[in-house]
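*Asks:* Protein sequences appear in the order of chains A and B.
Residue numbers 0 to 422, in numbering that gives the first Met the number 0, belong to the letters of the first sequence in order.
Residue numbers 0 to 149, in numbering that gives the first Met the number 0, belong to the letters of the second sequence in order.
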Amino acid sequence: MKKIGFTLLFFLFMSQTVHADFDVQEAINVAKPGKVVHIPAGRYQGNFIVTKPITLQGEEGTELIGERDNPTLRIENTANVTVENITLSGKNKAIVASTVDGLELRKLQIKDVHTGVHIQSSKNVHIHDINVTGIEGHYSQKGNGVAVFKGEDITIEGNTIEQVQDGIYIEEVKHIVVQRNKVTSGRYGTHFMYTSDAEALFNTYDQNVTGLMIMMTTNIFLENNIVANHFDFNGYGMLLYDVQQAKIKHNTIKNNRTGVAMQKSANIQIETNDFQMNQTAIEGTKVSDDTMASRNNFTGNILTARSDKQGFQLVSNYYDDYSGIDLKDNGIGDIPYVAVSSFGQWMVRQPVYQYFVASPSVILLTSLDQQINKIEKNMLVDNTPKLAMKHENEKNKMNVVQMLLGLFLTLSSLWLWKRGITE
Amino acid sequence: MKKWIMIVMLCCGVLMGCSEKTYEPRDIISETDVCKICNMSIVHNAYAGQIALKNGDYEIFDDIGCLMEYIKANGEDEIGAAYIKDAAKNEWIDVFKAVYVYNKDYWTPMNYGVVALDSKEAAQEWMTTEGEGQLLAYKDLHDFKWGIHK
Numbered sequence: 000m001k002k003i004g005f006t007l008l009f010f011l012f013m014s015q016t017v018h019a020d021f022d023v024q025e026a027i028n029v030a031k032p033g034k035v036v037h038i039p040a041g042r043y044q045g046n047f048i049v050t051k052p053i054t055l056q057g058e059e060g061t062e063l064i065g066e067r068d069n070p071t072l073r074i075e076n077t078a079n080v081t082v083e084n085i086t087l088s089g090k091n092k093a094i095v096a097s098t099v100d101g102l103e104l105r106k107l108q109i110k111d112v113h114t115g116v117h118i119q120s121s122k123n124v125h126i127h128d129i130n131v132t133g134i135e136g137h138y139s140q141k142g143n144g145v146a147v148f149k150g151e152d153i154t155i156e157g158n159t160i161e162q163v164q165d166g167i168y169i170e171e172v173k174h175i176v177v178q179r180n181k182v183t184s185g186r187y188g189t190h191f192m193y194t195s196d197a198e199a200l201f202n203t204y205d206q207n208v209t210g211l212m213i214m215m216t217t218n219i220f221l222e223n224n225i226v227a228n229h230f231d232f233n234g235y236g237m238l239l240y241d242v243q244q245a246k247i248k249h250n251t252i253k254n255n256r257t258g259v260a261m262q263k264s265a266n267i268q269i270e271t272n273d274f275q276m277n278q279t280a281i282e283g284t285k286v287s288d289d290t291m292a293s294r295n296n297f298t299g300n301i302l303t304a305r306s307d308k309q310g311f312q313l314v315s316n317y318y319d320d321y322s323g324i325d326l327k328d329n330g331i332g333d334i335p336y337v338a339v340s341s342f343g344q345w346m347v348r349q350p351v352y353q354y355f356v357a358s359p360s361v362i363l364l365t366s367l368d369q370q371i372n373k374i375e376k377n378m379l380v381d382n383t384p385k386l387a388m389k390h391e392n393e394k395n396k397m398n399v400v401q402m403l404l405g406l407f408l409t410l411s412s413l414w415l416w417k418r419g420i421t422e
Numbered sequence: 000m001k002k003w004i005m006i007v008m009l010c011c012g013v014l015m016g017c018s019e020k021t022y023e024p025r026d027i028i029s030e031t032d033v034c035k036i037c038n039m040s041i042v043h044n045a046y047a048g049q050i051a052l053k054n055g056d057y058e059i060f061d062d063i064g065c066l067m068e069y070i071k072a073n074g075e076d077e078i079g080a081a082y083i084k085d086a087a088k089n090e091w092i093d094v095f096k097a098v099y100v101y102n103k104d105y106w107t108p109m110n111y112g113v114v115a116l117d118s119k120e121a122a123q124e125w126m127t128t129e130g131e132g133q134l135l136a137y138k139d140l141h142d143f144k145w146g147i148h149k
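#1: Apply the 10 Å Cβ neighbour rule to ILE74/A and answer buried if 16 or more other Cβ atoms are within range, or exposed otherwise.
#2: When the distance is taken between beta carbons, is ASN91/A closer than 8 angstroms to ASN69/A?
#3: State the start and end residues of the unbroken beta strand (DSSP E) segment that holds ARG73/A.
#4: Within its chain, find whatever has a CB closer than 6 angstroms to the CB of THR154/A; leave out the 5 residues flanking it on each side and keep chain order.
#5: Any beta carbon of chain B sitting closer than 8 angstroms to that of ARG256/A?
#6: Does the segment 301 to 308 of chain A come close enough to the segment 278 to 293 of chain A that 3 or more CB-CB pairs lie under 8 angstroms?
#7: Looking at the strands, I want to know which residues DSSP matches up with MET261/A.
#8: Taking the CB atoms as reference points, tell me whether LEU221/A and ILE247/A lie closer together than 8 angstroms.
#9: Taking only three categories from DSSP, how would you classify ILE147/B?
#10: Determine the direct distance from the alpha carbon of PRO350/A to that of ASN382/A, and round the result to whole angstroms.
#11: For CYS37/B, go through chain A and note every residue whose CB falls closer than 7 angstroms to its CB, in chain order.
#12: So with CB distances below 8 angstroms, who are the chain A contacts of THR31/B?
#13: Where does SER14/A land, buried or exposed, given buried means 16+ other C-beta within 10 angstroms?
#14: Terminal residues of the continuous beta strand (DSSP E) containing GLY48/B?
#15: Can you find a C-beta in chain A that's less than 8 angstroms from the C-beta of ASN110/B?
#16: With a cut-off of 8 angstroms on the beta carbons, I'd call SER293/A and SER264/A a contact; round off their distance for me.
#17: Just tell me which of TYR168/A, GLY144/A, VAL112/A and GLU25/A has its CA closest to the CA of PRO162/B.
#18: Nearest to THR271/A by alpha carbon, out of MET261/A, PHE311/A and ASN250/A?
#19: Below 8 angstroms on C-beta distance, what does HIS113/A contact in chain B?
#20: For a test of the three-state rule: what should DSSP assign to SER118/B, helix, strand or coil?
#21: Just the Cα atoms here: how many angstroms apart are THR284/A and ILE53/A?
#22: Any beta carbon from chain A within less than 8 angstroms of ILE147/B's own beta carbon?
#23: How is MET214/A classed by DSSP in three states: helix, strand or coil?
#24: Please compile the residues from chain B whose C-beta is within a distance smaller than 8 angstroms of the C-beta of HIS137/A.
#25: Chain B beta carbons: is any one of them nearer than 8 angstroms to that of GLU282/A?
#26: With distances taken Cα to Cα, identify the nearest neighbour of MET291/A among MET261/A, TRP414/A, THR298/A and GLY299/A.
#27: Using the beta-carbon count (16 or more within 10 Å), is VAL182/A buried or exposed?
#28: Only counting the same chain, and skipping five residues up and downstream in sequence, which positions put a Cβ closer than 7 angstroms to that of ASN223/A?
#29: Under 8 angstroms, Cβ to Cβ, is there at least one residue of chain A near GLY130/B?
#30: Could you tell me the alpha carbon to alpha carbon distance between VAL95/A and ASN158/A, rounded to whole angstroms?
#31: Return the CA-CA distance between GLN243/A and ASP111/A, expressed in angstroms with no decimal places.
#32: What does ARG305/A pair with, by DSSP beta-bridge criteria?
#33: Would you mind giving the Cβ-Cβ distance between TYR317/A and ALA387/A, rounded to the nearest angstrom? I have them listed as a contact below 8 angstroms.
#34: What separation, rounded to the nearest whole angstrom, lies between the Cα atoms of TRP125/B and GLU131/B?
#35: Should GLU66/A go down as buried or exposed, given a rule of 16 or more other Cβ atoms within 10 Å for buried?
#36: I need the DSSP call for ILE63/B, collapsed to helix, strand or coil.
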């Protein structure tokens, strides 16, 4: 029994430490530009570097393991490099690419690393279908899943990233598309800084501190994302700081401490989104007059909107706490919806007040607000609130068969009754 | 005699009570601390700043640029003390006495490229390893154009 145990332990130990004979770096060194370097299954320890246009292609079971604190794979000063179907691990960064024109990373598994992919001063980069799983611990001790610094024409799509600091970190990038990614359990799902012409589409951000953190960015389009469960003390579904020109459309924003927050931003359009069960749906401070939330659905939120004195526009949204009527039958409430709340304004100044949000005194205060604020004309007022999420005008229809049947039954009843009293 | 000693001790106590209040820096708590200006959580402690207000409150910042934006908006009257992390030693130093070095390629959380050090010698040493930069004093930060520079 003891021998069997030792034998099993021997194989278990050896399976973790045996390294394949194939020399990866030598194969890279001898490959001609444009060629494919096929790396057979096996675990290869080292710090590898690519400086020419080649494809590194692994197969199931191909794993590169970085040594010491150096990156597992470096790609430098080259063009048209593809890395695919490989597992990477190491203490620090898995992949570092610098000054590369044309880079494709696909079907990679990156695990137990400080930082997944770090790209700088590169353009025409396509990262897709990679999985990054960070190390255990607090996000302040980790790096980012995919980070791009100073780049142009970048596409990041279909990736799954978890347990890192920022899932996707973008800094000083021109023209980037981030789509169909799933980021969970990090600090920020996607973090844009100093970026222009950006799109984030069909992504899922769940249980990070903040789903989308957008700072000092110009011209960004956020559409069809699911941003949910960001309910920490400092959590936001989306936070826009010093952003110029943004369109936020068709997103599902639910169960966040604050759904969308805008600070020091201008020309933000928030359209046709579903805000569900957020503590506060939209918050705006120091935003420009042209910032507008229109045709959104607000359901189950504790506070619909809060702002500083500048406010922002609310136009034709649906609010589940609106109590007006529609005598004109056009789907629009006859009296304005006023979102101003004294408590909401206090919460902007002192976020710690959020812990009293559903207390009896706050509920009473909000009820009083709703009575008093009916005279509010400008700030956080929607003059055309929708009465239903989807308004459909029902035309009066006549069912002839039903009508004739009803008439027949009525006349029959009358005849039977008359006959009964005359007999 | 005892009565006089008591009076002297009482006076000393009153005078000590009236002496200038000290404002010590507090530790950064990465789980909950966010920058007062930009809302970023503080994960790069080597660049963090803080202001101890005279009312006992603390305001935390992720970058010297955000700290200066706060001072610009609120003035210095209510500030008891202001601290910034020494980029080389990761220790709190006085914002008003620190020596600053600017280089557009130095990375900081807001990418403003300004780091703080405790002396000119330390700044020179910093530049020998991290690249040449422009030396600045606290007064220069008021007119500094915060943002990324091409």
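Heads up, the beta-carbon is just placed ideally off N, CA and C, and yes, glycines get one too.
Note that this is a predicted model, so its numbers are computed, not measured.
*Replies:* Result, derived from the coordinates:
#1: buried
#2: yes
#3: 72 to 88
#4: HIS125 and VAL176
#5: no
#6: yes
#7: LEU239/A and GLY283/A
#8: yes
#9: coil
#10: 29 angstroms
#11: MET214 and TYR240
#12: PHE232 and ASN233
#13: Confidence at SER14/A is low in this model, with a pLDDT of 44, below 50, so the placement of that residue is unreliable and no value is reported for it.
#14: 48 to 52 is the extent of the beta strand (DSSP E) around GLY48/B.
#15: It does; some Cβ of chain A falls within 8 angstroms.
#16: The pair is not a contact, with the Cβ atoms about 16 angstroms apart (cut-off 8 angstroms).
#17: Because chain B spans 0 through 149 in this model, residue 162/B falls outside it and cannot be assessed.
#18: The candidate whose alpha carbon is nearest that of THR271/A is ASN250/A.
#19: Here the premise fails: no neighbours, minimum Cβ distance about 13 angstroms.
#20: coil
#21: 50 angstroms
#22: yes
#23: strand
#24: SER29 and GLU30
#25: no
#26: MET261/A
#27: buried
#28: LEU200, PHE201, HIS249 and ASN250
#29: For GLY130/B, not one C-beta of chain A is nearer than 8 angstroms to its own C-beta.
#30: 17 angstroms
#31: Looking at the backbone, the Cα of GLN243/A and that of ASP111/A are separated by about 37 angstroms.
#32: GLU282/A
#33: 7 angstroms
#34: 9 angstroms
#35: With fewer than 16 neighbouring CB atoms inside 10 Å of its own CB, GLU66/A falls in the exposed class.
#36: For ILE63/B, the secondary structure class from DSSP, reduced to helix, strand or coil, is helix.
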